[in-house]
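A short worksheet on the structure shown next.
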Amino acid sequence: MRKVRSSHRGLSTIVTAGIMLSAVAVLGSAVVTWSNGNLKAYEISLSNAAANNTNKINENLSIENIAFCTNCSGNNAKKVINVTLTNTGATSLKITQIQVNNTLITQYYSSSSSLPTNILSQKSYTVSAQLATGTWNKGSVNTITVTTARGSTYTTQAAP
329 MRKVRSSHRG LSTIVTAGIM LSAVAVLGSA VVTWSNGNLK AYEISLSNAA ANNTNKINEN
389 LSIENIAFCT NCSGNNAKKV INVTLTNTGA TSLKITQIQV NNTLITQYYS SSSSLPTNIL
449 SQKSYTVSAQ LATGTWNKGS VNTITVTTAR GSTYTTQAAP
């Protein structure tokens, strides 16, 4: 006697295949949604970086009219420096700090010339700052460094 084998699939095989297909579809959709979210975040970050770097290329600052004063008139007017900054670029810029010989300026001679400040294109701004003792000396070359909000640095040298 021969045994006849059935070639029919059982119900459990069909149900298992259906569950596997459903799981793959759900997981695939989740992965596509997650990757689209990450791609959008990366696109926004890249767009902001490109815009910032383009604006950084368009900003240009000229450091002019550096004047050192050892005994200016007024209260607490010892060791005052006046620096005129002219924005010669095509875009406005924001000055965040000025350093004299690697010493950050923190005291301003007048409140109308304090930092940070925005300088529109083709406009000038004069900063009057009181320097700490020993920041500069007569007859020596002093380095003035200006930093913008976009990270650009402009440097010049002057002697009192």
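Numbering of the sequence shown is given in the numbering used here, commencing with residue 329 and proceeding in unit increments.
Glycine residues also receive a C-beta, built at the ideal position from the N, C-alpha and C atoms.
As the structure is a computational prediction, the values presented were derived from the model and not from experiment.
Pair within 9 Å by beta-carbon distance, residue i and residue j
{"i": "Ala-477", "j": "Leu-421", "result": "yes"}
{"i": "Tyr-436", "j": "Val-455", "result": "yes"}
{"i": "Thr-475", "j": "Thr-424", "result": "yes"}
{"i": "Ile-394", "j": "Ile-472", "result": "yes"}
{"i": "Asn-415", "j": "Leu-443", "result": "no"}
{"i": "Gly-479", "j": "Ser-449", "result": "no"}
{"i": "Thr-463", "j": "Val-411", "result": "no"}
{"i": "Ala-299", "j": "Asn-470", "result": "Outside the modelled stretch of the chain, which goes from 329 to 488, sits residue 299, for which no answer is possible."}
{"i": "Ser-468", "j": "Glu-392", "result": "no"}
{"i": "Thr-488", "j": "Thr-382", "result": "Residue identity differs from the one stated: residue 488 is Pro in this sequence, not Thr. Going by C-beta atoms, Pro-488 is not nearer than 9 Å to Thr-382."}
Segment limits, beta strand (DSSP E) that includes residue i
{"i": "Cys-397", "result": "389 to 399"}
{"i": "Lys-466", "result": "Segment: none, Lys-466 is in no beta strand (DSSP E) and carries neither H nor E."}
{"i": "Thr-481", "result": "481 to 486"}
{"i": "Leu-421", "result": "421 to 428"}
DSSP state of residue i mapped onto helix, strand, coil
{"i": "Ala-378", "result": "helix"}
{"i": "Asn-383", "result": "helix"}
{"i": "Lys-368", "result": "helix"}
{"i": "Ile-433", "result": "coil"}
{"i": "Thr-471", "result": "strand"}
{"i": "Thr-476", "result": "strand"}
Selection from the options that minimises the alpha carbon distance to residue i
{"i": "Phe-396", "options": "Thr-419, Leu-459 and Thr-341", "result": "Leu-459"}
{"i": "Leu-413", "options": "Ser-340, Thr-484 and Pro-488", "result": "Thr-484"}
{"i": "Lys-407", "options": "Ser-340, Lys-466 and Gly-346", "result": "Lys-466"}
Residues that DSSP places opposite residue i in a beta bridge
{"i": "Ser-456", "result": "Asn-410"}
{"i": "Ile-447", "result": "Leu-421"}
Any non-hydrogen atom of the ligand SAM closer than 8 Å to residue i Cβ
{"i": "Asn-465", "result": "The ligand SAM is not part of this structure, which contains no ligands at all."}
Cβ of residue i within 9 Å of any chain D Cβ
{"i": "Ser-456", "result": "As a matter of chain content, chain D is missing from the structure shown, which is built from one protein chain."}
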